[in-house]
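Trainee:
Chains as they are written, first to last, in the numbering used here: chain A, 1 to 643; chain B, 1001 to 1361.
#1: Should residue 233 of chain A be flagged as near chain B, meaning a C-beta pair shorter than 7 Å?
#2: Express the C-alpha separation of residue 1285 of chain B and residue 1269 of chain B in angstroms, rounding to a whole number.
#3: Anything in chain A within Cβ reach of residue 1332 of chain B, meaning under 7 Å, just list it in chain order.
#4: Suppose contacts are defined by Cβ-Cβ distances below 7 Å. Is residue 228 of chain A in contact with residue 39 of chain A by that definition?
#5: Could you name the residues of the same chain whose beta carbon sits closer than 6 Å to that of residue 1078 of chain B, not counting the 5 residues immediately before and after it, in chain order?
#6: Taking all protein chains shown into account, decide if residue 1327 of chain B is buried (16 or more other Cβ within 10 angstroms of its Cβ) or exposed.
#7: Does the Cβ of residue 278 of chain A have 16 or more other Cβ atoms within 10 Å, making it buried, or fewer, making it exposed?
#8: As a quick exercise: from A:578, A:579, A:560, pick the residue whose alpha carbon is nearest that of residue 570 of chain A.
#9: Using a cut-off of 8 Å between C-beta atoms, extract the partners of residue 253 of chain A located in chain B.
#10: Counting only C-beta atoms, is residue 20 of chain A closer than 7 Å to chain B at any point?
#11: I'd like to know whether the C-beta of residue 326 of chain A is nearer than 7 Å to at least one C-beta of chain B.
#12: Pick helix, strand or coil for residue 584 of chain A, following the three-state DSSP scheme.
#13: Go ahead and pull the three-state DSSP assignment for residue 213 of chain A.
#14: State buried or exposed for residue 235 of chain A, treating a residue as buried only when at least 16 other CB atoms are found within 10 Å of its CB.
#15: Give the interface partners of residue 288 of chain A over in chain B, defined as CB-CB distance under 7 Å, in chain order.
#16: Using alpha carbons as the reference points, say which of A:259, A:273, A:102, A:298 lies closest to residue 327 of chain A.
#17: Take residue 1219 of chain B as the anchor and find which of B:1212, B:1193, B:1273 has the nearest alpha-carbon.
#18: Do residue 216 of chain A and residue 191 of chain A have their beta-carbon atoms positioned less than 7 Å apart in this structure?
#19: Give me the chain B residues within the contact set of residue 649 of chain A, using Cβ-Cβ distance strictly less than 8 Å, ordered along the chain.
#20: Taking a cut of 7 Å between CB atoms, which residues from the segment 1078-1097 of chain B lie near chain A?
#21: Less than 7 Å between the beta carbons of residue 655 of chain A and residue 82 of chain A, yes or no?
#22: Since residue 707 of chain A and residue 165 of chain A are thought to touch, with beta carbons under 8 Å apart, how far apart are those beta carbons, to the nearest angstrom?
#23: At least one CB of chain A closer than 7 Å to the CB of residue 1111 of chain B: is that the case?
#24: May I ask you to report which of helix, strand or coil DSSP gives residue 634 of chain A?
#25: Using the three-state DSSP reduction, which class does residue 620 of chain A fall into: helix, strand or coil?
#26: Ignore the nearest five residues each way along the sequence and tell me which others in residue 7 of chain A's own chain have a CB closer than 7 Å to its CB.
#27: Grouping DSSP H, G and I as helix and E and B as strand, with all else coil, what is residue 1357 of chain B?
#28: Just grab the DSSP bridge partners of residue 404 of chain A for me.
#29: Identify the continuous alpha helix (DSSP H) that holds residue 410 of chain A and give its terminal residues.
#30: Using a Cβ-Cβ cut-off of 7 Å (strictly less than) and excluding sequence neighbours within five positions of residue 1008 of chain B, which residues of its own chain qualify?
#31: Run down chain B in chain order and give the residues with a C-beta less than 7 Å from the C-beta of residue 475 of chain A.
#32: Around the Cβ of residue 962 of chain B, are there at least 16 other Cβ atoms within 10 angstroms (buried) or fewer (exposed)?
#33: By the DSSP assignment, the beta strand (DSSP E) with residue 288 of chain A in it spans what residues?
#34: Using 10 angstroms around the beta-carbon of residue 602 of chain A, count the other beta-carbons present and answer buried if the total reaches 16, otherwise exposed.
#35: Using a Cβ distance threshold of 8 Å, determine whether the segment 1092-1099 of chain B contacts the segment 1042-1054 of chain B, with at least three qualifying pairs required.
#36: Tell me whether the beta-carbon of residue 318 of chain A lies closer than 7 Å to the beta-carbon of residue 347 of chain A.
Take a look at the structure:
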């Protein structure tokens, strides 16, 4: 039979099921297929903290959302066009996010009395489809016995019913791959590799995948196939990449670009552990990974390695930063290079381990005793984690300082197409080790001698020299007690302490001299409202601004990669606009800093629900501010529904 | 076949085998920094400092390849007074910092100076894990059984019932026995010595430095200000023969001028003190520091008084070879590098360009 082919410019699909149903894998495979096909895409995995939460319950639902398009997109999308629900709980948990008219594909097999009760359904919503009181009447529901057909399709392999049913996610993937014309070769190759050692499981998964595809192709259940053309992208070779992988690669690259061995001291913590896992694979680059006994030992070992001439790195999430803060202060005082990666998650305390948040900015900024300034770098997208890691290394090594690299759970697990950089375009980082004594000292009797002074600073950067053990003649002691400027011996002198506190701050401030000017996106040049953000809100803010502009209004956007120090031109930029809006996944941490430093009335747009900000809601807030600033009425209702 | 034979790193090596040596003779003066020593008059730390400054030249290593790391406390000022590389770090964390240094660099001789509060209270976790991993470093634990720098609170080695500023009605804490703790963590080199016995101290330091792995040395150290006399029984010429149980590998464990010795306690499975006259010289245990099983060493360590110290075994309790963490970590890197030769930049390009890719022209 011939199927109708419909063109779409973008689609948002959400795969949802039990946390043991393989939804993350399904979503990831669909993403890889779409990436290879050439769509632009952004993904949003969302899963519970429990490894296997109670089966069939609402808290146990795991989902993976992928937004793919024939044009450049910025977010994983606010509302799914298609929901694949593997059980009643997955349907119920996600229904509220669906817009009218969305397609729902449900696995009818799991809509049993028991599962319905667990999900809180009194009656089976599938029983009343098309009737007057259909609770799913607003949606286009496609009930399919995914499990039953999977079991039937793989019966030749003689698997237990349970094992056979586990391939249902591949059946679903096959069906969706058919619906959206995805290339299937990469998934088949992936399954062959993944299950290379268990032939029957491998064959069952591949068979289920193909059966799902054929089901779409041959039955009359699905009459429309959709086409989303590849997105125009700038020339280059691309791959799909998650933030944690990009950040890991960035650290590997920082080692190569600096010629320093990377030393990672880390304690496992969600959502940062992937970086420890990844770097552990790359020993051939001279990378040492130490899984420490606790968070403090992780950073301690990294500081020790830095003292010994490595690029010390420690990776964690917010609770780990709290534990490491005293040691980070030691790195501030001893002025040693150190990269501290904080993959932020919902807090406080244990909080929401698998959900995203940006609420560690002030902890990164101020979370130490004394005046202990630490430079802060934040990536804005999964792929950008690569460049941000190299930038953190550049600052750490050049200025002899700990640097906080603030990723978050959304960047860590989310993915996007990433143009693989040319190595020639990466910065070279010069460790500039001290090899000679640097101070001529005149004794009382007039005799001169050469000494090594560990706190004699570079005039331009204010960085101190880095002399590593094994360098003859430069033996010296450093530590957490206040240093005398220059010679670095212990000093309790009041004036010296005041001077050193100011000097450590001045050194961090001096980093701003090395930063490029900010790029303000203000296409019309007539905007009165500026939206400013940092980190992973880049996508939602960009998408929100686009909506406002598409409706015919003016808004400017600027995004901060450096949170400490701020770029030199930030103050002037803020003053150019009548209103400044600051969307954050916290209660207003950047806006507090902006208000404090620039006396600007930064207005917060704050969401702390563990999920990325939604572009549509943000656009309304921007529109409201535009209306106020320009004294006009703002209506963001789209004038043309599709292009 | 022993456990070490199959491992891809050398098993039996000196703790300083990979550290560059110095051909010129050295003096203690070369190891003395220009900083004024600021311990209280009469502090036991002076004696240890002198012993270390006198001993380091004997090691014959290049001075720039020696690193001393300390935590916080009176003894932790130690690195400032030695003209080597050094770091005076934060409370309790010196073993973790030293782990980073020792793992990053095979050519350094790494020393940790710590105290009973630093190592056993705030830093207890790092101490046991350093011992467990067997990182190649020497830990000198100055045990004065009191908090000195914070002016006299009880420490985790203070005897129960101790009256201090924070325990006016007596401490309720049962003390740690540092040697028992180190043996429990399967420390591969565990010893105890005394600040005032320079000869013994130096001999233990020599053995500790030569040991590949974590060498743990508890040094009884008198605090004349806040806990004076804590070790009088083992220092006093009249009492020390009965107070010190000397441990020398291969020698019968005798003390009290040969009148007393250690014998197996068949009732408890442990070790007890007996009169030689009662049990006969043949029944006296011969010390075996090389025993792979730490059980007997642990039993001997239990003969240390937990209250006021009237009796304590002194010497090397245990000295066994087992793979070190840092050698293993470097071994894995070396074999990974051997398996992936070539320019790092080329390999980086290949790494980041891997996975499913597509090209847009």
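Note that the Cβ used here is the ideal one computed from N, Cα and C, for glycine as well.
Mentor: Well, looking at it:
#1: yes
#2: 14 Å
#3: 283
#4: yes
#5: 1070, 1113
#6: buried
#7: buried
#8: A:560
#9: 1348, 1352
#10: no
#11: yes
#12: strand
#13: helix
#14: exposed
#15: 1103, 1104, 1329, 1333
#16: A:298
#17: B:1193
#18: no
#19: No answer is possible for residue 649 of chain A: the residues shown for chain A start at 1 and end at 643.
#20: 1079, 1080, 1083, 1084, 1085, 1086, 1087, 1088, 1089, 1090, 1093, 1096, 1097
#21: In the structure as shown, chain A begins at 1 and stops at 643. Residue 655 of chain A is therefore absent and cannot be evaluated.
#22: One cannot answer for residue 707 of chain A here, as it falls past the ends of chain A, which runs 1 to 643.
#23: no
#24: coil
#25: helix
#26: 227
#27: strand
#28: A:340, A:376
#29: 409-413
#30: Because the pLDDT of residue 1008 of chain B is 39, which lies under 50, any placement of that residue in the model is unreliable, and the number read from its coordinates should be weighed accordingly. Closer than 7 Å at Cβ, skipping near neighbours: 1331, 1335.
#31: 1063, 1064, 1083, 1084, 1085
#32: Summary: the structure shown does not reach residue 962 of chain B, with chain B confined to residues 1001 through 1361, and so no result is reported for it.
#33: 288-291
#34: buried
#35: no
#36: yes
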